[in-house]
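*Asks:* Residue numbers (UniProt numbering): 1 to 118.
Take this structure first; my questions come after.
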């Protein structure tokens, strides 16, 4: 396994999904020159695509229950005038979180693998 630390610039919006190798670990989210950036330890040999769902809320905004508390970071922007709270899972999911029927997709992949092993 070959690990490298990569950074992924994020948008300032309520919800977003970033793509990275499935064998990655989210380390932190920081403000770099007024841009939120996610840092992850990435297995560069992994060819399986993973997804990390990121939620962003401003101070005083209502939480909607989608916020995962494995990684929580509070970032200051505009000399502290804008405070944003980012929530993300520590490990990527292999199935995209916003796709309609994830279980159907998993079952289809399992059937393909069964057929290939015959």
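Where is the CB? At the ideal position from N, CA and C, for every residue including glycine.
Taking residue 30 as the reference, give the member of 15, 86, 115, 69 with the closest Cα.
*Replies:* Here the closest residue by C-alpha is 86.
*Asks:* Determine the direct distance from the alpha carbon of residue 32 to that of residue 63, and round the result to whole angstroms.
*Replies:* Cα to Cα, the separation comes out at about 25 Å.
*Asks:* Taking the beta carbon of residue 9 as the centre, do at least 16 other beta carbons fall within 10 Å, making it buried, or is it exposed?
*Replies:* Exposed, since its Cβ has fewer than 16 Cβ neighbours within 10 Å.
*Asks:* Alpha carbon to alpha carbon, how far is residue 113 from residue 38?
*Replies:* Their Cα atoms are separated by approximately 33 Å.
*Asks:* In the DSSP assignment, what residue or residues form a beta bridge with residue 72?
*Replies:* According to DSSP, which records beta bridges pairwise, residue 72 is partnered with 87.
*Asks:* Taking only the alpha-carbon atoms, compute the straight-line gap between residue 67 and residue 90 and give it to the nearest angstrom.
*Replies:* Each residue's Cα considered, the two are about 12 Å apart.
*Asks:* If you drop the 5 nearest sequence neighbours on each side, which residues of the same chain put their C-beta closer than 6 Å to that of residue 44?
*Replies:* Correct list, in chain order: 2, 4.
*Asks:* Using the Cβ count rule (16 or more neighbours within 10 Å means buried), how would you classify residue 24?
*Replies:* It counts as buried.
*Asks:* Tell me whether the beta-carbon of residue 12 lies closer than 8 Å to the beta-carbon of residue 76.
*Replies:* Result no, Cβ atoms of residue 12 and residue 76 do not sit closer than 8 Å.
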